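Undergrad: Numbers 11 to 269, taken from our numbering, label the letters of the sequence shown in order. Even for Gly, the Cβ is constructed at its ideal location relative to N, Cα and C. In this text the structure is predicted, and so the values were computed from the model without any measurement.
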Amino acid sequence: MKDWTRVQDRLGKDDFLSSRILLGLDFDGTLSDLVGSPEDAVLTPGTRRLLRALISRPDIRVAVLSGRALEDIKRRVGLRGVYYAGNHGLQIHGPGLEWTHPHVGRLDASIWRQLEEDLKGIPGAVVEPKRLGLAVHYRKVPKRYVRRLADRVRARFMGLRDRYRILRGKKTFDIRSTVPWDKGHALDAIRKRLTGGWKGLFIGDDLTDEEGFRTLGPRALTIRIGQVKTSAAQFVLSHRGQVDRLLESLAARPLLSRG
Ligand SMILES: [Mg+2]
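(1) Sort out for me which residues DSSP pairs Asp184 with in a bridge.
(2) For Gly269 and Ala63, I'd like the C-alpha separation in whole angstroms.
(3) Is the beta carbon of Met100 less than 8 Å from the beta carbon of Ser187?
(4) Are the stretch 174-194 and the stretch 84-102 touching by the rule of at least three beta carbon pairs closer than 8 Å?
(5) Taking its Cβ as the centre, do 16 or more other Cβ atoms sit within 10 Å of Ser42, making it buried, or is it exposed?
(6) Relative to the C-alpha of Ile185, which candidate in Gly206, Arg201, Arg162, Thr205 has its C-alpha closest?
(7) Are Ala196 and Phe223 closer than 8 Å when you measure CB to CB?
(8) Given a cut-off of 8 Å on the beta-carbon distance, is the pair Asp13 and Leu247 in contact?
(9) Which same chain residues, not among the five before or five after Ala79, have their C-beta less than 7 Å away from its C-beta?
(10) What runs of the beta strand (DSSP E), each 3 residues or longer, lie entirely inside the stretch 89-134?
(11) Give me, in chain order, the residues of the same chain whose beta-carbon lies closer than 8 Å to that of Gly56; leave out the 5 immediate sequence neighbours on both sides.
(12) Helix, strand or coil: how does DSSP classify Leu41 here?
(13) On the CB-based measure, 16 or more other CB atoms within 10 Å of its CB, does Ser120 come out buried or exposed?
(14) Which class does Gly46 belong to by DSSP, given the choice of helix, strand or coil?
(15) Among the residues of its own chain, which have a CB less than 6 Å from the CB of Ala145, if the five just before and after it don't count?
(16) Is Val72 near Leu27, with beta carbons less than 8 Å apart?
(17) Can the beta-carbon of Arg5 be found closer than 8 Å to that of Leu107?
(18) How far does the beta strand (DSSP E) with Arg338 in it extend, from its first residue to its last?
(19) DSSP three-state label for Thr225, please.
(20) What span of residues does the alpha helix (DSSP H) with Trp14 cover, start to end?
(21) Lys150 by DSSP, collapsed to three states: which one?
(22) Measure how close the beta-carbons of Val87 and Leu53 come, nearest whole angstrom, since I'm counting them as under 8 Å.
(23) Below 8 Å on the Cβ atoms is my contact criterion, and I expect Pro211 with Ile31 to pass it. Report the Cβ-Cβ distance as a whole number of Å.
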């Protein structure tokens with residue numbers, strides 16, 4: 011539970027009740043349960059129904075901000091009227107918006123093929139190419155191989171340090187551009203496209219979301235999901251199930267009269 015009551019109190023304050031809300035949601039571990047293989051992550055019908063209810067409101071906009079490739083996250087959520095940010099915000103598609111960060115190039119396909127070759131002897135390792143970056147998932151890799159996997163990933167990107175950095179997420183090494191841009195910047199960019207006053211609310215569950223919490227600071231309400239001791243987010247909710255409850259309470263709040 012942890013901050014559940016405090017989050018509810020915060021959302022019940024006048025500034026929130028009188029604002030339209032841009033709701034930024036991470037996907038894996040926030041909207042969907044974490045599963046053994048990232049291929050299998052899905053939205054439950056219940057969460058999908060809640061998102062639909064939120065999208066239909068004139069005073070709420072929904073953005074799904076994921077580390078996945080843009081096309082992947084669009085396909086997986088598959089709802090119209092949503093802003094999708096892939097590659098940790100480097101690409102954004104949504105109503106009237108189609109944008110790719112101008113300083114980030116496509117990751118050379120030969121790099122991930124070489125990496126796949128490097129990881130061949132490591133059972134369970136999954137390389138996920140994401141166009142502008144890639145991820146190596148090791149949820150299914152036996153513990154005794156993880157060190158070797160980490161060493162090989164590092165070795166492969168050693169010579170590319172000026173262009174790519176390695177971030178460790180949940181059972182994942184995320185290889186991202188060194189361009190200083192995260193989900194927080196993406197949410198800000200979407201908010202700037204909306205006319206009128208919109209308040210940002212960003213929910214994420216992973217270490218990689220911490221950058222977004224820091225970027226947004228007090229500009230948005232930020233919530234970290236999980237059993238964590240410290241976070242740059244303003245609030246922490248311990249279980250993913252509370253995200254659905256939160257979506258439910260947002261879907262049920264009184265409509266803003268001016269829409
Ligand atoms: Mg996540």
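TA: This is what the structure gives:
(1) Indexing the sequence shown from 1 puts residue 184 at position 174. Asp184 is bridged to Ala145, Leu177.
(2) Numbered from its first residue, the sequence shown carries residue 269 at position 259. Numbered from its first residue, the sequence shown carries residue 63 at position 53. Legend: pLDDT at Gly269 = 45, less than 50; position of this residue unreliable, no value from coordinates given.
(3) Start at 1 with the first residue of the sequence shown, and residue 100 comes out as number 90. Start at 1 with the first residue of the sequence shown, and residue 187 comes out as number 177. According to the sequence provided, residue 100 is Leu. The question's Met does not apply to it. Cβ distance < 8 Å, so Leu100 and Ser187 count as in contact.
(4) Result yes; three or more Cβ-Cβ pairs closer than 8 Å.
(5) Within the sequence shown, numbered from 1, the residue matching residue 42 stands at position 32. Under this definition Ser42 is a buried residue.
(6) Numbered from 1 along the sequence shown, position 175 holds the residue referred to as residue 185. Between Ile185 and the set Gly206, Arg201, Arg162, Thr205, the nearest pair of CA atoms involves Arg162.
(7) Residue numbering aside, residue 196 sits at position 186 when the sequence shown is read from its first letter. Residue numbering aside, residue 223 sits at position 213 when the sequence shown is read from its first letter. With contacts defined as CB atoms closer than 8 Å, Ala196 and Phe223 fail to qualify as a contacting pair.
(8) Here the question's residue 13 lines up with position 3 in the sequence shown. Here the question's residue 247 lines up with position 237 in the sequence shown. Contact flag set, yes.
(9) Walking along the sequence shown from the start, residue 79 turns up at place 69. The residues are Gly96, Asn97, Lys140, Arg141.
(10) For the stretch 89-134, whole beta strand (DSSP E) runs of length 3 or above, ordered along the chain, are 93-96, 101-104, 107-110.
(11) In the sequence shown, residue 56 corresponds to position 46, counting from 1. Closer than 8 Å at the Cβ level, and outside the excluded window around Gly56, lie Asp254.
(12) In the sequence shown, the residue the question calls residue 41 occupies position 31. Correct three-state label for Leu41: coil.
(13) Here residue 120 refers to the residue found at position 110 when the sequence shown is read from its first residue. So Ser120 counts as exposed.
(14) Position 36 of the sequence shown, counting from 1, holds the residue named residue 46. In the three-state reduction of the DSSP assignment, Gly46 falls in the coil class, being assigned neither a helical nor a strand state.
(15) Walking along the sequence shown from the start, residue 145 turns up at place 135. Glu138, Thr182, Asp184.
(16) Working through the sequence shown from its first residue, we reach residue 72 at position 62. Working through the sequence shown from its first residue, we reach residue 27 at position 17. Taking 8 Å as the Cβ cut-off, Val72 and Leu27 do not qualify as a contacting pair.
(17) Summary: the structure shown does not reach residue 5, with the chain confined to residues 11 through 269, and so no result is reported for it.
(18) What is shown of the chain runs 11 to 269, which leaves residue 338 out entirely.
(19) Working through the sequence shown from its first residue, we reach residue 225 at position 215. Note: Thr225 maps to helix in three-state DSSP.
(20) Looking up residue 14 in the sequence shown gives position 4. Run containing Trp14: 14-21, per the alpha helix (DSSP H) assignment.
(21) Here residue 150 is taken as the residue at index 140 of the sequence shown, counted from 1. Here DSSP, grouped into helix, strand and coil, assigns Lys150 to coil.
(22) The residue you call residue 87 lines up with position 77 of the sequence shown. The residue you call residue 53 lines up with position 43 of the sequence shown. Rounded, the Cβ-Cβ distance is 6 Å, consistent with contact.
(23) On the sequence shown, position 201 is the one that residue 211 refers to. On the sequence shown, position 21 is the one that residue 31 refers to. Looking at the sequence shown, residue 211 is not Pro but Leu. The Cβ separation is near 6 Å, so the contact holds.
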